[in-house]
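Asks: Here you go, one structure.
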Amino acid sequence: MGVDKQELSKLQNNYDEAMINEYKAMVNDKSLVINYNQKLKSFSFVDELDITKLSIYACPNITFEKLPQRLEQLVIYNSKIQQINWLSKINQISHLTIYNNNVKDLQPLSNLPHIQYLDMITNNILDISPLSKLQKLKELYLSYNRIIDISPLLQLKLNVLWIAGNQISDFSQLTSIYDQSVLSGFRLDGQKQLSKSDQKEYSNLQVIQHSIKQNKSIVKRQTHFRKQSQFYLNSINIQLTDVAKKISKMFQLTESFFYQYQEVDQ
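Counting in this note's numbering, the sequence shown runs from 461 upward without gaps.
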């Protein structure tokens, strides 16, 4: 018995319409959140929805090629993404989060001139040169990748920069980044070569999330950060007395946080 293609088409249309109606009911203030959906494989239905904000959590089987081009904010968590070529078509996007995936190539981002907020924490990124073209970028989160060279960031004027847990070996470029940026948030922990950094007094920094991990020598340099109002210390094997002496010299410090001391030297 042959398959009736007309009947199959009708069933598919009914399924698509039901899905569209289901997600229309979920849309709130032009925003849609999709959580832990193993069955969803395509966004062909999303064009029917009036949304500018889309958040996707743990949907590993989705093909992202048909996302609506009018999106302004996109969040994708833990969905096994390896490439983002499809992003080049969403050129109005201003806030982008692709967290805990497996993205390597950032080249498609160079065609997104409106990006102000970019979170690519926990991916597989080595080359960040495409970011140098994002002149509107203000908040950048690149922690826990494979980044070695941060020179492309010299072209940007950032307010927030998180580059913890990478493989950066030359920190002298940080001085230039500080000179041209107004950083209010900064995180640099987990760098094995941090002690080789050519540091200076970063007077622009007023609120800092500067976690220190696996770097004893950086404690001795904390007088470089004189204007921050908050100081976050996440440290193992750092002598508390040395830290306290240095912290006391930060005249404008209003809050300090010491936690995760597990094997503190006595």
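Where is the CB? At the ideal position from N, CA and C, for every residue including glycine.
If you run the structure through DSSP and keep just helix, strand and coil, what is glutamine 533?
Replies: Of the three classes helix, strand and coil, the one that applies to glutamine 533 here is strand, per DSSP.
Asks: My assumption, with CB atoms under 8 Å, is that tyrosine 601 sits in contact with aspartate 579. Please give the rounded CB distance.
Replies: Indeed, because the Cβ distance is near 4 Å, the residues count as touching under 8 Å.
Asks: Rounded to whole angstroms, what's the CA-CA distance from lysine 593 to histidine 574? Just pull it up for me.
Replies: So the alpha carbons of these two residues sit roughly 10 Å apart.
Asks: Between the beta-carbon of serine 515 and the beta-carbon of valine 535, is there less than 8 Å?
Replies: Yes, they are a contact pair.
Asks: To the nearest angstrom, report how far apart isoleucine 588 and isoleucine 607 are at their CA atoms.
Replies: Rounded to whole angstroms, isoleucine 588 to isoleucine 607 spans 7 Å at the Cα level.
Asks: Taking only the alpha-carbon atoms, compute the straight-line gap between serine 570 and leucine 616 and give it to the nearest angstrom.
Replies: Cα to Cα, serine 570 sits roughly 13 Å from leucine 616.
Asks: Answer with buried or exposed for asparagine 545, where buried requires no fewer than 16 other C-beta atoms within 10 angstroms of its C-beta.
Replies: By the 10 Å Cβ count, asparagine 545 comes out exposed.
Asks: Is the beta carbon of glutamate 532 sitting closer than 8 Å to the one on isoleucine 558?
Replies: No, the pair does not count as a contact, with Cβ atoms beyond the cut-off.
Asks: Provide the residue(s) that pair with aspartate 579 in DSSP beta bridges, ordered along the chain.
Replies: DSSP, once it has assigned bridges, lists Thr557, Tyr601 as partnering aspartate 579.
Asks: Looking at the structure shown, is glutamine 629 part of a helix, part of a strand, or coil, going by DSSP?
Replies: Per the sequence presented here, residue 629 reads as serine, with glutamine not at that position. Coil at serine 629, not helix or strand.
Asks: I'd like the list of long-range same chain contacts for glutamine 542, defined as Cβ closer than 8 Å, with 5 residues on each side in sequence excluded.
Replies: So the list reads Asn561, Asn562, Val563, Lys564, once near-sequence residues are dropped.
Asks: On the CB-based measure, 16 or more other CB atoms within 10 Å of its CB, does lysine 596 come out buried or exposed?
Replies: Label assigned to lysine 596: exposed.
Asks: When you compare each of Gly625, Gln576, Leu572 to asparagine 583 by their alpha carbons, which one comes out closest?
Replies: Nearest of Gly625, Gln576, Leu572 to asparagine 583, Cα basis: Gly625.
Asks: Quick one: Cα of proline 612 to Cα of isoleucine 511, how far?
Replies: Distance between the alpha carbons of proline 612 and isoleucine 511 is about 33 Å.
Asks: Where does serine 539 land, buried or exposed, given buried means 16+ other C-beta within 10 angstroms?
Replies: Per the 10 Å Cβ criterion, buried.
Asks: Let me make sure I understand the geometry here. Which of Gln627, Gln633, Tyr537, Tyr577 has the alpha-carbon closest to that of asparagine 619?
Replies: For asparagine 619, the nearest C-alpha among the options comes from Tyr577.
Asks: Would you kindly work out how many angstroms separate the C-alpha atoms of glutamine 690 and tyrosine 537, rounded to a whole number?
Replies: Below a pLDDT of 50, predicted positions are generally treated as unreliable, and glutamine 690, at 45, falls in that range; no measurement from the model is reported.
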